[in-house]
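*Asks:*
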Amino acid sequence: MTVIDLGELRDDPLPPPSGPAPRAVGRPLRLAVVLALTLLASNAAAPVAERVTAVVPALLGTVALLADGEVFLLEPSGTAAAPGWLSAWTVPTSAGARPVRRWQVPVPVVSGSAQLRRHADLLLLTGSSGRPDGAYRTFAHARDTGRVRWQRLGAGRPAGPDLLFEDGADGPPTVHSVDPGTGRDRWSVPMPSPVTLYRNRADGVDRIVTVRPDGPAEVWDARHGVRLHTAPLDRAGSPSNTGFDVVGDLLLTIQGNSGRLTGYGLDGLDRRWEVPLPTPSFFVACGSLICAQGTAGGVRALDPATGRTVWRDNRWELSGTERGGRMLASGLGRGVWHPLVVLDVASGRVAAELDVWNVAASHSPDGPVFGVRPAGEDRMLVAELDVAAARARVRDVLPAVSGDCQAGAQLLLCRLVDGAFGVWRVPR
Numbered sequence: 024m025t026v027i028d029l030g031e032l033r034d035d036p037l038p039p040p041s042g043p044a045p046r047a048v049g050r051p052l053r054l055a056v057v058l059a060l061t062l063l064a065s066n067a068a069a070p071v072a073e074r075v076t077a078v079v080p081a082l083l084g085t086v087a088l089l090a091d092g093e094v095f096l097l098e099p100s101g102t103a104a105a106p107g108w109l110s111a112w113t114v115p116t117s118a119g120a121r122p123v124r125r126w127q128v129p130v131p132v133v134s135g136s137a138q139l140r141r142h143a144d145l146l147l148l149t150g151s152s153g154r155p156d157g158a159y160r161t162f163a164h165a166r167d168t169g170r171v172r173w174q175r176l177g178a179g180r181p182a183g184p185d186l187l188f189e190d191g192a193d194g195p196p197t198v199h200s201v202d203p204g205t206g207r208d209r210w211s212v213p214m215p216s217p218v219t220l221y222r223n224r225a226d227g228v229d230r231i232v233t234v235r236p237d238g239p240a241e242v243w244d245a246r247h248g249v250r251l252h253t254a255p256l257d258r259a260g261s262p263s264n265t266g267f268d269v270v271g272d273l274l275l276t277i278q279g280n281s282g283r284l285t286g287y288g289l290d291g292l293d294r295r296w297e298v299p300l301p302t303p304s305f306f307v308a309c310g311s312l313i314c315a316q317g318t319a320g321g322v323r324a325l326d327p328a329t330g331r332t333v334w335r336d337n338r339w340e341l342s343g344t345e346r347g348g349r350m351l352a353s354g355l356g357r358g359v360w361h362p363l364v365v366l367d368v369a370s371g372r373v374a375a376e377l378d379v380w381n382v383a384a385s386h387s388p389d390g391p392v393f394g395v396r397p398a399g400e401d402r403m404l405v406a407e408l409d410v411a412a413a414r415a416r417v418r419d420v421l422p423a424v425s426g427d428c429q430a431g432a433q434l435l436l437c438r439l440v441d442g443a444f445g446v447w448r449v450p451r
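Residue 451 is where the sequence shown ends in my numbering, and the numbering goes up by one at each step.
(1) Once DSSP output is grouped into helix, strand and coil, what is the label at S311?
(2) Who are the near neighbours of E340 in its chain, counting only those whose CB is closer than 7 Å to its CB and skipping five residues on each side?
(3) Count the CB pairs spanning the stretch 164 to 173 and the stretch 187 to 194 that are closer than 8 Å, and state whether there are at least three.
(4) Can the beta-carbon of V392 be found closer than 7 Å to that of L408?
(5) According to the neighbour-count rule (16 or more other Cβ atoms, all chains shown, within 10 Å of its Cβ), is R50 buried or exposed?
(6) Identify whether G135 lies in helix, strand or coil by the three-state DSSP scheme.
(7) Mind checking R166: buried by the 16 CB within 10 Å criterion, or exposed?
(8) At which residues does the beta strand (DSSP E) containing E297 begin and terminate?
(9) Please state if the CB of T233 and the CB of T253 are separated by a distance shorter than 7 Å.
(10) I need the straight-line Cα distance from L148 to P99, nearest angstrom please.
(11) In angstroms with no decimal places, state the Cα-to-Cα distance between P195 and P236.
(12) Applying the criterion that 16 or more other CB atoms from any shown protein chain within 10 Å of the CB defines a buried residue, is S117 buried or exposed?
(13) In the DSSP assignment, what residue or residues form a beta bridge with Q174?
(14) Using the rule of at least 16 other Cβ atoms within 10 Å of the residue's Cβ for burial, across every protein chain shown, is V57 buried or exposed?
(15) Quick check: the stretch 124 to 142 against the stretch 90 to 98, are there 3 or more CB pairs under 8 Å?
(16) Which residues bound the beta strand (DSSP E) around M214?
(17) Please return the same chain residues whose Cβ sits closer than 6 Å to the Cβ of S134, not counting the five positions on each side in sequence.
(18) Going by C-alpha to C-alpha distance, which of E297, G179, R414, P388 sits closest to D202?
(19) I'd like the span of the beta strand (DSSP E) that includes V410, first residue to last.
(20) In terms of DSSP beta bridges, what is G169 paired with?
(21) Less than 6 Å between C-beta atoms, sequence neighbours within five positions excluded: which residues of the same chain meet that for S211?
(22) So the candidates are V373, R372, F305; which of them puts its Cα closest to the Cα of G343?
(23) Please state the DSSP three-state secondary structure of N280.
(24) Where does N381 fall in DSSP's three states?
(25) For V48 and P299, what's the separation of their Cα atoms in angstroms?
(26) Give me the DSSP bridge partner(s) of Q429.
(27) Does DSSP classify N223 as helix, strand or coil?
(28) Tell me which residue opens and which closes the beta strand (DSSP E) that S370 is part of.
(29) My output table needs one value for G442: the three-state DSSP class, helix, strand or coil.
(30) Since L82 and H164 should fall inside the 8 Å C-beta cutoff, what is the C-beta to C-beta distance between them, to a whole number of angstroms?
(31) Run the CB neighbour count on H247, radius 10 Å, all protein chains shown included, and call it buried at 16 or more, exposed below.
(32) Smallest Cα separation from R414: which of V373, D389, D441?
(33) What first and last residue would you give for the beta strand (DSSP E) that runs through H252?
(34) Quick check on this structure: which residue in P362, P422, E345 has the alpha carbon closest to the alpha carbon of S385?
(35) Does the beta-carbon of D290 have 16 or more other beta-carbons within 10 angstroms, so that it is buried, or is it exposed?
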């Protein structure tokens, strides 16, 4: 295993964030070291047949999901009778072995519009079925056989063991709690307003918040369909000029006409604080703080108890990846290749610069974080981004990779240059 520290891990006190954004490429000496070790890894690597755990054949336009050591594919069929084929593949554990297709079933979903997700023992396929109304439907397939257990309109959200669906595109929705085993409603509740927000926990939605344009806000228990709180919001300006968001234990209102941000506690809808804040694009929880991402970039971290700005830095965009009190952020710019940094969540100070990486998608919030970047000649350099330790550890150089990577606990799936998918068992 090759270990490269691509940045400076700082333990001494730092001044507040300041200065220009880091360059898209690191210092010349650091880059020379990376290129030299990349070349060494390329020359010393085992043949492709030994390194690649599996190559799963696929057509261009295929949607792939890596979940729990398996690969699921939705491929276009090229015919109107069956727009797509859904299949499940078992990834071999020995080098050189071929993947095994466990099942394949036709599905009435166009691959270009589809999303694949896992929920309990189900594989959920959501997308447009090509009907004249263009409505999205969710098909629940048994993971072990591919058989369709049920289907219904909309895209379900996990809420503990169950799923939440909503209908009513032209007005206030009705929220349905669905038994994933049968597809039947456990309960359904008509919501009083089209402004419907969801609070997510590790196992899915646990609170639903509605805000009436000319009336009170309501908080509902998403696991039981019970209304918990109702209270008016003390806001100025027209409802059409007010935005809403739910982060952590707060309902946030953003008044566009006055540039005011107000925080209400979800437990009782009591008004906690109000502060001036230019219109952000979105809010995320970052550690014990609330981070507001600006419309033109830049991050402002707020104290959720008071709304006070704890730190601010206009150089970054957050990646959403946080480990051990630190989080990944990227420099501003277009495209997918941005310089990454590790920020200390509490202070906003830069713990390390990691140079340029594209973070592989992951469906495991606590799993390893992998970054990839081109290494020349259709090769891709792979590193494990240890956010808590603020360093990048180079793991491998993968051949014939074009990108579109997903990470599991020990597997990395990437699209190959010919449209198929390669699956690698990454050494830890």
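Just so it is clear, CB atoms sit at the ideal spot from N, CA and C, and this is done for glycine as well. The structure presented is a predicted model; accordingly, all values stated were derived computationally and were not measured.
*Replies:* In short:
(1) coil
(2) Q316, G320, A352, S353, L355
(3) no
(4) yes
(5) With a pLDDT of 36 at R50, under the threshold of 50, the modelled position of this residue cannot be trusted, and the question is left open.
(6) helix
(7) buried
(8) 294 to 299
(9) no
(10) 14 Å
(11) 11 Å
(12) exposed
(13) F162
(14) Legend: pLDDT at V57 = 35, less than 50; position of this residue unreliable, value from coordinates given subsequently. So V57 ends up on the buried side.
(15) yes
(16) No beta strand (DSSP E) contains M214, which DSSP labels as neither H nor E.
(17) G84, V86, L97, P99, G107
(18) G179
(19) V410 -> no beta strand (DSSP E), and no H or E assigned at all.
(20) None, per the DSSP bridge assignment.
(21) T197, H199
(22) F305
(23) coil
(24) strand
(25) Legend: pLDDT at V48 = 35, less than 50; position of this residue unreliable, value from coordinates given subsequently. Rounded to the nearest angstrom, the two C-alpha atoms are 36 Å apart.
(26) A384, L436
(27) strand
(28) It is not in any beta strand (DSSP E) - S370 carries neither H nor E in the DSSP assignment.
(29) coil
(30) No, L82 and H164 are not in contact; Cβ-Cβ is about 20 Å, not under 8 Å.
(31) exposed
(32) V373
(33) 249 to 254
(34) E345
(35) exposed
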